[in-house]
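K.L.:
What follows is a single structure, and I will ask about it in a moment.
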Amino acid sequence: MIPALVGLGILIGSVLVVANWKGILDWLTDFIPKLKSAWAKVKPNVPYAAVIVGDLIVEGVSRMAGIMHRMYYKEDGKWIEETTTRKVDASEVPAHIRCKFENQEADITKDMEDTLQLTV
139 MIPALVGLGI
149 LIGSVLVVAN
159 WKGILDWLTD
169 FIPKLKSAWA
179 KVKPNVPYAA
189 VIVGDLIVEG
199 VSRMAGIMHR
209 MYYKEDGKWI
219 EETTTRKVDA
229 SEVPAHIRCK
239 FENQEADITK
249 DMEDTLQLTV
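The numbering of the sequence shown is my numbering, which starts it at 139 and goes up by one.
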């Protein structure tokens, strides 16, 4: 009986998160800059060990908000794809793209359109 209740709780929680995903993202988008500015004000007045922990918390929240996701939904009869971005190491970027950026900025839109067979 308990595993069934746990499973039901997870299912209900997942449905609530999916139903309110846009609101959660909006809240995080507003909250993270406020958290960073509040930490910047408080940081000079706390002991060094607390600064390390506080920096880890602020960095963790920033990373959590930067996780790549792709969400599709229909609004006013039109399909919408909503994505966020994430930071990656240089080793995760394809070599042909890294080569273009070594000396200067480059427009890789056409390459990505060809590779993904999409129009940007």
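Backbone N, C-alpha and C define an ideal beta-carbon position, used for all residues, glycine too.
Contact defined as beta carbons within less than 8 Å: I believe V199 pairs with I170. What is the distance between those atoms, to the nearest angstrom?
P.N.:
6 Å
K.L.:
Below 8 Å, can you find three or more Cβ-Cβ pairs linking the segment 190-198 to the segment 162-178?
P.N.:
yes
K.L.:
Less than 7 Å between the C-beta atoms of V191 and K181, yes or no?
P.N.:
Note that the C-beta distance between V191 and K181 is not below 7 Å.
K.L.:
Considering only the alpha carbon of each residue, which of R236, E251 and W159 lies closest to E220?
P.N.:
W159
K.L.:
Considering E251, what are the terminal residues of the alpha helix (DSSP H) in which it resides?
P.N.:
T247 to L254
K.L.:
Can you give me the Cβ contacts of A228 inside the same chain, cut-off strictly under 8 Å, excluding the 5 residues immediately before and after it?
P.N.:
R236
K.L.:
Excluding the 5 residues preceding and the 5 following M139 in the sequence, name in chain order all residues of the same chain whose CB lies nearer than 6 Å to its CB.
P.N.:
none
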